[in-house]
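The structure appears below as structure tokens.
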Amino acid sequence: MAPNVVRSAISIFFEYDTPKIVHIKSKKVGVINRFLQLVIIGYIIGYAIIFKKGYQKFDTIQSAVTTKVKGVAYLNGSEVPNLESSLWDVADYVVPPQENNAFFVITNLIVTPNQAQGVCGEDKKVPGANCTSDATCAPKTGKSLPTGNGVLTGRCNTTTNTCEVRAWCPVENGALDPPKNPVLLQSKDFTVFIKNNIEFPYYKEKRQNLPLHADPTYLQSCTFESTSRADCPIFKLSTIVEGSGSRYSDVAVEGGVMQVVIDWDCNLDKSIEDCVPEYTFRRLDSGDFSLSRGFNFRYAKYYRDPNGTEVRTLYKAFGIKYIITVIGQAGKFNVVPLLLNIGSGLGLLAVATILCDIVVLYVLKAKDVYRDKKYLNVVGDDAYKGLKREPVDNLCEAINDITQHTYQSDSTHQVSHPNTNSHFDL
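Throughout the sequence shown, residue numbering follows this note's numbering, covering 166 to 591 in sequence.
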């Protein structure tokens with residue numbers, strides 16, 4: 166078995182296949198061939214070259230984004246627990262003031278006022294904080310619970326029945342939910358100016374998401390509208406949220422994460438003034454999540470009371486984080502990608518030939534006839550014949566060899582010929 170495999174491998178090494186052209190006159194095969202060729206040519210010209218701009222060389226975008234939020238809201242203290250009536254402007258509800266390609270606006274609050282450093286009972290909602298005696302808390306002395314508010318003293322606070330901690334007291338009440346009516350629902354009418362500067366380094370083209378020849382007072386009166394004022398980068402916050410398919414009043418309760426996508430798709434074969442961005446909005450989180458919905462964090466404002474003691478107001482801020490993503494490319498005519506697409510397209514035309522060969526050799530009724538015409542086996546004078554046996558030149562000599570081999574036996578059995586007295590040993 167093994168020698169035959171070796172001889173087969175050697176035989177294949179010394180063989181060569183050359184294409185053979187067989188001109189077949191068939192309506193079926195002709196129609197299939199032309200249809201496949203038209204589909205491939207249509208793909209090359211219509212999709213790869215025209216739709217995908219295969220005749221252009223593309224450059225990736227370099228981008229920088231800055232944001233500026235504006236708006237003022239009045240918070241009625243009678244409607245907000247633990248909060249005095251006050252005006253809130255951009256310095257109060259945009260925390261932190263600047264981020265890279267993002268900004269955050271507070272929409273809801275849980276306030277813990279007048280906290281001072283001292284000793285008090287831990288929050289009951291903190292796992293492991295409940296106690297009935299000092300024996301429960303003593304082993305944890307000097308440690309803090311994973312979700313706790315301070316360092317354990319080892320004593321049990323009999324008033325709250327929780328372990329005592331050194332912390333900012335009173336500690337935040339973890340049982341409170343954010344108000345169902347968002348504290349800063351007025352933020353839906355706030356506006357944000359998103360300034361986007363871009364560059365296509367290969368083509369040395371710089372652009373801004375503003376009209377090239379706008380009046381200096383242009384930004385004082387314009388707001389973004391997806392149909393009529395798409396060249397104005399001043400957005401109402403409600404426009405962004407509702408553009409993602411969400412309701413602002415729902416998202417404002419627990420917060421969320423919104424994405425503003427600025428897409429630059431520039432054809433530099435046209436005027437540079439036609440290079441303008443498109444804006445799309447989407448929500449990245451979901452209000453249907455069962456755990457850790459929305460977006461929130463804590464921060465504090467510090468001051469000193471009349472006695473000189475440092476005091477703070479702790480805010481658990483719920484709000485909407487807006488993430489700005491800039492994508493895009495610029496293309497300009499270049500002969501190299503055009504030739505590459507044409508060359509790859511011509512290579513695809515071979516697919517039509519392969520599919521037609523399958524139909525001709527395996528599907529049509531006359532497949533055997535076509536197969537005989539398609540393949541021709543030519544044996545050269547120097548062909549490798551390791552697997553071929555030499556033909557027997559003399560049939561009589563072959564018969565005699567077989568006869569002698571068969572009748573030479575030591576068997577004692579004999580058979581008489583019916584017409585003679587001779588005996589043959591078997």
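Cβ atoms here follow ideal geometry from the backbone N, Cα and C, with glycine treated the same way.
Keep in mind it's a predicted model, so treat the numbers as computed, not measured.
Simplified DSSP state of residue i, which is helix, strand or coil
{"i": "N169", "result": "helix"}
{"i": "G189", "result": "What sits at residue 189 in the sequence shown is Ile, not Gly. In the structure shown, I189 sits in coil (DSSP, three-state: anything other than H, G, I, E or B)."}
{"i": "G421", "result": "strand"}
{"i": "P556", "result": "Residue placement at P556 cannot be trusted, given a pLDDT of 47 that sits under 50; the coordinates are not used to answer."}
{"i": "I564", "result": "Any reading at I564 needs caution, since the residue's pLDDT is 49, under 50, leaving its predicted position unreliable; the model's value is listed next. I564 falls in the helix class under three-state DSSP."}
{"i": "F498", "result": "strand"}
{"i": "A332", "result": "strand"}
{"i": "R372", "result": "strand"}
{"i": "T327", "result": "strand"}
{"i": "A303", "result": "helix"}
{"i": "T490", "result": "strand"}
{"i": "C521", "result": "helix"}
{"i": "G512", "result": "helix"}
{"i": "N461", "result": "strand"}
{"i": "A379", "result": "coil"}
{"i": "A482", "result": "strand"}
{"i": "G286", "result": "strand"}
{"i": "N126", "result": "There is simply no residue 126 to check, as the chain begins at 166 and stops at 591 in what is shown."}
{"i": "N346", "result": "coil"}
{"i": "G293", "result": "coil"}
{"i": "N322", "result": "strand"}
{"i": "N472", "result": "coil"}
{"i": "A174", "result": "helix"}
{"i": "Y535", "result": "helix"}
{"i": "Y549", "result": "coil"}
{"i": "L413", "result": "Just to set this straight, residue 413 is Tyr in the shown sequence, not Leu. Helix at Y413."}
Rounded C-alpha distance that separates residue i from residue j
{"i": "I206", "j": "S414", "result": "53 Å"}
{"i": "Y464", "j": "V255", "result": "16 Å"}
{"i": "T474", "j": "A281", "result": "8 Å"}
{"i": "T388", "j": "P262", "result": "22 Å"}
{"i": "G195", "j": "Y535", "result": "14 Å"}
{"i": "F216", "j": "I189", "result": "36 Å"}
{"i": "T301", "j": "N279", "result": "29 Å"}
{"i": "S309", "j": "T297", "result": "18 Å"}
{"i": "A303", "j": "G313", "result": "16 Å"}
{"i": "P381", "j": "N346", "result": "40 Å"}
{"i": "A332", "j": "W253", "result": "29 Å"}
{"i": "V259", "j": "I489", "result": "16 Å"}
{"i": "R554", "j": "K538", "result": "Residue placement at R554 is poorly supported in this model, since its pLDDT is 46, which falls under 50; the coordinates still yield a value, given next. Computed Cα separation, rounded: 27 Å."}
{"i": "Y212", "j": "K192", "result": "29 Å"}
{"i": "C521", "j": "I175", "result": "32 Å"}
{"i": "S228", "j": "A417", "result": "30 Å"}
{"i": "Y504", "j": "I437", "result": "The sequence shown places Leu at residue 504, not Tyr. Cα to Cα, the separation comes out at about 26 Å."}
{"i": "A379", "j": "A395", "result": "14 Å"}
{"i": "V284", "j": "T445", "result": "51 Å"}
{"i": "F269", "j": "L511", "result": "53 Å"}
{"i": "L203", "j": "I209", "result": "10 Å"}
{"i": "N461", "j": "K481", "result": "7 Å"}
{"i": "G508", "j": "L402", "result": "50 Å"}
Burial state of residue i (16 or more Cβ within 10 Å)
{"i": "F365", "result": "buried"}
{"i": "T404", "result": "buried"}
{"i": "V501", "result": "exposed"}
{"i": "F483", "result": "buried"}
{"i": "Y468", "result": "exposed"}
{"i": "P343", "result": "buried"}
{"i": "E180", "result": "exposed"}
{"i": "G236", "result": "buried"}
{"i": "I186", "result": "exposed"}
{"i": "D547", "result": "exposed"}
{"i": "Q221", "result": "buried"}
{"i": "G421", "result": "buried"}
{"i": "E605", "result": "Absent from the structure is residue 605, since the part of the chain shown begins at 166 and ends at 591."}
{"i": "F200", "result": "exposed"}
{"i": "G242", "result": "exposed"}
{"i": "D590", "result": "The pLDDT assigned to D590 is 41, lower than 50, so where the model puts this residue is not dependable; a value taken from the coordinates is nonetheless given after this. Looking at its Cβ environment, which holds fewer than 16 other Cβ atoms inside 10 Å, D590 is exposed."}
{"i": "N273", "result": "buried"}
{"i": "V171", "result": "exposed"}
{"i": "F498", "result": "exposed"}
Beta bridge counterpart(s) of residue i as assigned by DSSP
{"i": "R477", "result": "Q280 and Y467"}
{"i": "F355", "result": "Paired residue(s): none; F355 is not in a bridge."}
{"i": "Y444", "result": "I427"}
{"i": "A395", "result": "Note: A395 sits in no beta bridge, so no partner."}
{"i": "L317", "result": "V330"}
{"i": "N506", "result": "In DSSP, N506 forms no bridge with anything."}
{"i": "K592", "result": "Outside the modelled stretch of the chain, which goes from 166 to 591, sits residue 592, for which no answer is possible."}
{"i": "E364", "result": "Q227 and K371"}
{"i": "K401", "result": "T356"}
{"i": "N432", "result": "G496"}
Heavy atom of the ligand SAM within 7 Å of residue i beta-carbon
{"i": "S250", "result": "With respect to small molecules bound, the structure shown includes none, and the ligand SAM cannot be examined in it."}
Whole runs of the alpha helix (DSSP H) within the stretch 204-281, excluding any shorter than 4 residues: 255-258
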